[in-house]
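Asks:
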Amino acid sequence: MSEGERKVADYLLSAFHSPSLPNINELADSAQTSISTIVRFCKTLGFSGYSEFKYHYQKGVPAPLGGDIQLSSSDSISAIKEKVGNFTQQAIWQSISTINNTQLEEAITAVSYARQIMICGEGSASGIAALAANAFMCLGIPSCYIPDALTQLRHASFLEKNDVVIGITNDGYIKDVVDTLMLARSKHATTICITGRSDSLVTKYSDIVLYTTLTDNQSPLDLPITSICQLIILHLVQVGLMARNPQLSGQYARHLQALSDRKRYDYSVEHAVEGRIR
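Note that numbering that gives the first Met the number 0 numbers the sequence shown so that position 10 is 9, with each residue one more than the last.
#1: Could you tell me if residue 150 is buried or exposed, where buried requires 16 or more neighbouring beta carbons within 10 angstroms of its beta carbon?
#2: Smallest Cα separation from residue 142: which of 120, 109, 114?
#3: Which one of 257, 178, 101 has the shortest CA to CA distance from residue 210?
#4: Please work out which residues of its chain come closer than 8 Å, Cβ to Cβ, to residue 48, disregarding the five sequence neighbours upstream and downstream, and give them in chain order.
#5: Measure the Cβ-Cβ separation of residue 123 and residue 226 and say whether it is below 7 Å.
#6: Please state whether the Cβ-Cβ distance between residue 255 and residue 131 is less than 7 Å.
#7: Would you call the stretch 77-92 and the stretch 186-199 in contact, with 3 or more CB pairs under 8 Å?
#8: Near residue 66, which residues of its chain fall below 7 Å by C-beta distance, leaving aside the five closest residues on each side in sequence?
#9: Could you check which residue in 156, 1, 135, 152 has the C-alpha nearest to that of residue 230?
#10: Can you tell me the Cβ-Cβ gap for residue 164 and residue 119, rounded? I've got them flagged as a contact below 8 Å.
#11: Just the C-alpha distance for residue 60 and residue 261, rounded to the nearest angstrom, thanks.
#12: How would you write the range of the alpha helix (DSSP H) that residue 179 sits in, first residue to last?
#13: Using a Cβ-Cβ cut-off of 6 Å (strictly less than) and excluding sequence neighbours within five positions of residue 144, which residues of its own chain qualify?
#14: May I have the straight-line CA-CA distance separating residue 258 from residue 137, to the nearest angstrom?
#15: Could you give the distance in angstroms between the alpha-carbon of residue 13 and the alpha-carbon of residue 72?
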């Protein structure tokens, strides 16, 4: 993304909650860039031009990825690698560009002061939730992912003001995730959602909303991209937490290494051992 396109992105992020966009000439003046740069920016995000971008923006829907990777049966391995790389990079940049800076800062602050973090997600999001819980524990914050929906609700019923719940749902209507955030919010915990729809049900029970690139998940190829974008947003929160609290980067490293060593063979071991270890 060029410097001019970044100016457009910064301006749009600052006006993210505006119900409408100006015409392309007014936007060029406001963003201090050119009309051609705005058109290039829209095409970078997968739109045909500013008109299509404006339509989706005013619907409150983040940029569409535009279907599939456009594979061909004659593609070489090198071509497949290049197409997957370009498609994934585009999705990541779209997600990063979509996130509101103020909301991201609020999420980082909430996590920084959290007594504990509970992360919930179903389907492919369950793996992301489990990974995120481990990542936050590596920074010294008690965190959990509870796969059983009823146990998850029970845990949420004990949450307090300084606790944080992060719900991951692409379309924003997964019942167990929405219900958990609703209950947690009623207990005065801070609720954060990662979703692809600005008008979804989960946003109504979220204090902080982090938008990711919306994909329809109609193709098997959509699922990994959705998960990657969700993971990138969680990684942004984690990196932001480390940036705001530099001491975290090394504070728990030795302790975590000692715990990990309990679950590993020594590096001198050449063969796995069957049966019980005595």
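Glycine included, C-beta positions come from ideal geometry on N, C-alpha and C.
Replies: If we stick to the structure as given:
#1: Around the beta carbon of residue 150, a 10 Å sphere encloses fewer than 16 other beta carbons of the protein chains shown; the residue is thus reported as exposed.
#2: Minimum Cα-Cα distance from residue 142 among the listed residues 120, 109, 114 corresponds to 114.
#3: Here the closest residue by C-alpha is 101.
#4: Non-local beta-carbon contacts of residue 48 in its own chain, meaning distances under 8 Å to residues more than five positions away in sequence, involve 38, 41, 42 in chain order.
#5: Cβ distance < 7 Å, so residue 123 and residue 226 count as in contact.
#6: Taking a C-beta distance under 7 Å as the contact criterion, residue 255 and residue 131 do not qualify as a contact pair.
#7: Counting Cβ pairs under 8 Å, fewer than three are found: no touch.
#8: Legend: pLDDT at residue 66 = 49, less than 50; position of this residue unreliable, value from coordinates given subsequently. Excluding sequence neighbours, residue 66 sits near nothing in its chain.
#9: Closest by alpha carbon: 135.
#10: In this structure residue 164 touches residue 119 by the C-beta definition: roughly 7 Å separates them, less than 8 Å.
#11: Summary for residue 60: the model assigns pLDDT 47, below 50, so the residue's position carries little reliability, and this model does not support an answer.
#12: First-last of the alpha helix (DSSP H) with residue 179: 174-185.
#13: Only 118, 128, 129, 132 meet the Cβ criterion.
#14: When rounded, the distance between both Cα atoms is 11 Å.
#15: Taking C-alpha positions only, residue 13 is separated from residue 72 by approximately 43 Å.
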